[in-house]
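J.: Quick one: structure below, then a few questions.
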Amino acid sequence: MIDPITVATIASALVAITGEMSESLRRSSYSPIIREMLDFSCAIFTPDGDMAAQSETIPALLGAMPIALRALIEDHPAAELRDGDVFVSNDPYRGGTHTPDIHIFAPVFRDGRVAGWSGTLAHHADIGGTNPGTEGYANRSIFEEGLRFPPIRLFDGGSPIPSLFRYIEANVRDPRATLGDLRAQVAAVKLGATRFNELLGKYGVETVHRAMGEVLDQTERRLRASINVRPDGTGSAVGFLDNDGVGNDDIRIAVAVTVRGDQVEVDFEGTAGQMTGGMNAPRTAVMAAVLFAIKAVFDPEGLPNSGGARPITVRLPPGTLVNPQFPAAVSLRHLTAQRICDTVVRAFADLYPDVGVAGAFVGFSSLAAEGRSPRTGATTVPQDDLGGGMGATSTGDGLDAVDTYLGNVGILPAEVCELQYPIRIWRTELVADSGGAGRFRGGLAMIREYEFTDACDVVAYTEQSSVEHGAWGAAGGRPGIPAEILLERLDGSRALITKQRFGVMAGDRLVVRTGGGGGYGPPEERDPDRVAKDLREGKVSGAAAENLYGTRISSG
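Each residue of the sequence shown is one higher than the last, beginning at 42 in my numbering.
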């Protein structure tokens, strides 16, 4: 038995350790995707791989690391581990999410045995492969998606393995950034191991392990209690991807959620088969989407640790896009994972109408490019990801221009972009009238205009580029507008893009407009004071206010 004060103190210390790891990684990383956009996570684990604490800067990584760590432990039993070992892993078929997301793990030794693990997971701007930035909607197999590491040593007993670093350096487009980011991850993992060892020294190994076990049990009990107070039943929903990346349209994702007692089952029976293109979602990515949705519905304030996965059963039919078979391509799994999350949320809204929420923009409009640094002339890989409107709820308007649900990455700051990459950003603005009208309005889309200052090889893509696949309205609310990408050449030619790879020259521009969130409730029920405020702030145009809310304004 361990007293609750000690449990709470150790739990807080573990969370603090992951926060310090996160700050170390952010401050020492080379690439803006980590340093500015915060596409990474840090965690501390029990000896057998349960995640005891996580600093989840991006929810897409919720629960991701334990799956990869258990694959590592299976390959490398405790008897063959040494103090100072550091492992690297990114294989989507061995617990990874996609190849750009690289796991770094280190065993934490105390009194000659493994007492826990320290780990980080970070998105790298490029890890080789066919496309700049590695990700590719049209990839046909995992072999096009850059370097793939099973769980292997990066450091052996405290000493780096130079041949592995040289191998990585020879196979990526921007080795300075990639190796710098890897070293930043290693530094964060070592810091986590040091702080965890200090905690073990203060309280003793047995006490800390008991406290970690109790923290996991508390999270499980808390979630089960929240599930148990809800009525049993089943809800279902269907969502669609625009296409599979190579031309086949309307890719179906079917979800049924069943609540029975204190457990939840999520079943993807009826989902389309694995895709020819690169947007399949491996198990780890699907689990992150499911964990996020269930946490949001039942226990949004609960700690993110492995205890939260225990009441959940997920059925993933083999050979479908949610359980692809090797060597299916998975590098753009985030587009699919976002749509999965949106569909799971909709299924819960079908089961529980009080989960009052409209659809969000989950299209994740992005670009990656290969060009030359304006400062050094060396090859560099800019990457930017743009969010859109959050769906309105039964109690308020949706958030504007955010990377919704699993995303949460920040946009690339214009100043950083222009210093580091051959790109000038002319504008970053909200789009009036883009959120679905309703009693509560959907969040607004954003528009960003890029000008290339040198020749680049560019990959640009989005989902939700059609009205039928845009963010859905709820309870009489209107849908959000779809996304759009426009390529404007210096010669005056223009072309709309949904998913495309193309070359640009200096002076060419790319205008990316994301999608808006869905509205909630009938527009005629909107408070006229809210409409007036939207007009003052430029979020709604005069014409839209008159057409959608005119009666209410005049009566106010």
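The beta-carbon is built from N, C-alpha and C at its ideal position, and this holds for glycine as well.
A quick note: this is a predicted structure, and the numbers were derived from the prediction, not measured.
How many Å lie between Val213 and Gly136 at the Cα?
T.: In the sequence shown, residue 213 corresponds to position 172, counting from 1. In the sequence shown, residue 136 corresponds to position 95, counting from 1. Straight-line Cα distance between these residues: approximately 22 angstroms.
J.: One question on the structure: do Ala473 and Lys580 come within less than 8 angstroms of each other, judged by their Cβ atoms?
T.: By 1-based counting over the sequence shown, the position of residue 473 is 432. By 1-based counting over the sequence shown, the position of residue 580 is 539. Taking 8 angstroms as the Cβ cut-off, Ala473 and Lys580 qualify as a contacting pair.
J.: Under three-state DSSP, which class holds Val307?
T.: Within the sequence shown, numbered from 1, the residue matching residue 307 stands at position 266. Val307: strand per DSSP, three-state reduction.
J.: Tell me whether Asn588 sits in a helix, a strand or coil according to DSSP, three-state version.
T.: Sequence index remark: in the sequence shown, residue 588 carries index 547 (1-based). Correct three-state label for Asn588: helix.
J.: For a quick check, are the C-beta atoms of Ala409 and Glu176 less than 8 angstroms apart?
T.: Here residue 409 refers to the residue found at position 368 of the sequence shown. Here residue 176 refers to the residue found at position 135 of the sequence shown. Yes, the pair counts as a contact, with Cβ atoms nearer than the cut-off.
J.: Within the continuous beta strand (DSSP E) that includes Gln366, where are the two ends?
T.: Against the sequence shown, residue 366 aligns to sequence position 325. Taken as a continuous stretch (DSSP letters only), Gln366 belongs to no beta strand (DSSP E), as it is neither H nor E.
J.: Look at the alpha carbon of Thr317 and the alpha carbon of Ser277, and state the distance between them as a whole number of angstroms.
T.: Along the sequence shown, one-based indexing puts residue 317 at 276. Along the sequence shown, one-based indexing puts residue 277 at 236. Using only the alpha carbons, I get a separation of about 26 angstroms.
J.: Mind checking which residues open and close the beta strand (DSSP E) that includes Val149?
T.: Locating residue 149 in the sequence shown gives position 108, where the first residue counts as 1. Residues Asp142 to Arg151.
J.: Verify the CB distance criterion: does Leu589 have a CB-CB separation below 8 angstroms to chain C?
T.: In summary, chain C is missing from the structure at hand, where a single protein chain is found.
J.: Is DSSP giving Val230 helix, strand or coil here?
T.: What you label residue 230 is simply residue 189 of the sequence shown in a count that begins at 1. Helix at Val230.
J.: Got a sec? Which residues, its chain only, sit under 8 angstroms from Ile108 by beta carbon, not counting five neighbours each side?
T.: Against the sequence shown, residue 108 aligns to sequence position 67. Closer than 8 angstroms at the Cβ level, and outside the excluded window around Ile108, lie Gly136, Arg324, Thr325 and Met328.
J.: Using DSSP with H/G/I as helix, E/B as strand and the rest coil, what is Leu460?
T.: Position 419 of the sequence shown, counted from the first residue, corresponds to residue 460. Note: Leu460 maps to helix in three-state DSSP.
J.: If we call anything under 8 angstroms between Cβ atoms a contact, is Thr434 one with Gly280?
T.: Counting from one through the sequence shown, the residue named residue 434 turns up at place 393. Counting from one through the sequence shown, the residue named residue 280 turns up at place 239. Not a contact, by the Cβ cut-off of 8 angstroms.
J.: Quick check on the DSSP output: the alpha helix (DSSP H) that includes Ile75 runs from which residue to which?
T.: Against the sequence shown, residue 75 aligns to sequence position 34. Note, Ile75: alpha helix (DSSP H), Pro73 to Arg76.
J.: Just to confirm before moving on: does the CB-CB distance between Met78 and Val371 stay below 8 angstroms?
T.: As a working note, residue 78 is residue 37 in the sequence shown. As a working note, residue 371 is residue 330 in the sequence shown. Cβ atoms of Met78 and Val371: not closer than 8 angstroms.
J.: Just the Cα atoms here: how many angstroms apart are Val305 and Ser582?
T.: By 1-based counting over the sequence shown, the position of residue 305 is 264. By 1-based counting over the sequence shown, the position of residue 582 is 541. Val305 and Ser582: Cα-Cα distance of roughly 44 angstroms.
J.: Please classify Ile268 as buried or exposed, where buried requires at least 16 neighbouring CB atoms within 10 angstroms.
T.: Against the sequence shown, residue 268 aligns to sequence position 227. So Ile268 ends up on the buried side.
J.: Taking Cβ positions, are Thr275 and Arg293 nearer each other than 8 angstroms?
T.: Mapped onto the sequence shown, residue 275 falls at position 234. Mapped onto the sequence shown, residue 293 falls at position 252. No, the pair does not count as a contact, with Cβ atoms beyond the cut-off.
J.: Grab the span of the beta strand (DSSP E) containing Asn284 for me, first residue to last.
T.: The residue labelled residue 284 in the question sits at position 243 within the sequence shown. Element bounds for Asn284: Gly274 to Asn284.
J.: Examine the Cβ distances between the region 74 to 94 and the region 120 to 127 and report whether three or more of them are shorter than 8 angstroms.
T.: no
J.: Leaving out the 5 sequence neighbours to the left and right, which residues in its chain are closer than 7 angstroms to Pro454 when beta-carbon positions are compared?
T.: As a first step, residue 454 must be located in the sequence shown, where it is residue number 413. Taken in chain order, the residues that qualify are Glu77.
J.: Can you tell me the Cα-Cα spacing of Ile58 and Asp532, whole angstroms?
T.: Indexing the sequence shown from 1 puts residue 58 at position 17. Indexing the sequence shown from 1 puts residue 532 at position 491. If you take the alpha carbons of Ile58 and Asp532, they lie about 54 angstroms apart.
J.: Secondary structure at Gly412, three-state DSSP: helix, strand or coil?
T.: In the sequence shown, the residue the question calls residue 412 occupies position 371. Residue state, collapsed to three classes: strand.
J.: Could you name the residues of the same chain whose beta carbon sits closer than 6 angstroms to that of Ala496, not counting the 5 residues immediately before and after it, in chain order?
T.: To locate residue 496, count along the sequence shown from 1; it is residue 455. Closer than 6 angstroms at Cβ, skipping near neighbours: Met546.
J.: What are the residues that DSSP puts in a beta bridge with Gln424?
T.: Stepping through the sequence shown from its first residue, residue 424 is reached at position 383. Paired residue(s): Ala409.
J.: For Gly221, does the three-state DSSP call read helix, strand or coil?
T.: For the purposes of this step, residue 221 is taken as residue 180 along the sequence shown, with counting starting at 1. Three-state result, Gly221: helix.
J.: For the alpha helix (DSSP H) containing Arg263, name the first residue and the last one.
T.: As a working note, residue 263 is residue 222 in the sequence shown. Residues Val246 to Asn269.
J.: Closest to Glu64 by CA distance: which of Ile51, Thr98, Ala52 and Asp91 is it?
T.: Locating residue 64 in the sequence shown gives position 23, counting from the first residue. Closest by alpha carbon: Thr98.
J.: Quick one, are the C-beta atoms of Val48 and Ala252 less than 8 angstroms apart?
T.: Mapped onto the sequence shown, residue 48 falls at position 7. Mapped onto the sequence shown, residue 252 falls at position 211. The answer is yes: Cβ separation under 8 angstroms.
J.: Verify whether the separation of the beta carbon atoms of Gly437 and Ala512 is less than 8 angstroms.
T.: Sequence index remark: in the sequence shown, residue 437 carries index 396 (1-based). Sequence index remark: in the sequence shown, residue 512 carries index 471 (1-based). The answer is no: Cβ separation not under 8 angstroms.
J.: What is the DSSP secondary structure of Thr50, reduced to helix, strand or coil?
T.: By 1-based counting over the sequence shown, the position of residue 50 is 9. Helix, per DSSP.
J.: Express the C-alpha separation of His375 and Thr539 in angstroms, rounding to a whole number.
T.: Your numbering for residue 539 matches position 498 in the sequence shown. Your numbering for residue 375 matches position 334 in the sequence shown. Cα to Cα, Thr539 sits roughly 16 angstroms from His375.
J.: Do the region 158 to 170 and the region 212 to 230 meet, that is, are 3 or more Cβ pairs less than 8 angstroms apart?
T.: yes
J.: One question on the structure: do Ala101 and Gly448 come within less than 8 angstroms of each other, judged by their Cβ atoms?
T.: Residue 101 sits at position 60 when you count from the first residue of the sequence shown. Residue 448 sits at position 407 when you count from the first residue of the sequence shown. The answer is yes: Cβ separation under 8 angstroms.
J.: Contact check, Gly518 vs Ala442 under 8 angstroms by CB: the rounded distance?
T.: Position 477 of the sequence shown, counted from the first residue, corresponds to residue 518. Position 401 of the sequence shown, counted from the first residue, corresponds to residue 442. Contact flag wrong, Cβ pair sits at about 19 angstroms.
J.: How would you call Pro394, buried or exposed, if buried means at least 16 neighbouring beta carbons within 10 angstroms?
T.: For this step, residue 394 is matched to residue 353 along the sequence shown. Using a 10 angstroms sphere on the CB of Pro394, the tally of other CB atoms stays under 16, which defines it as exposed.
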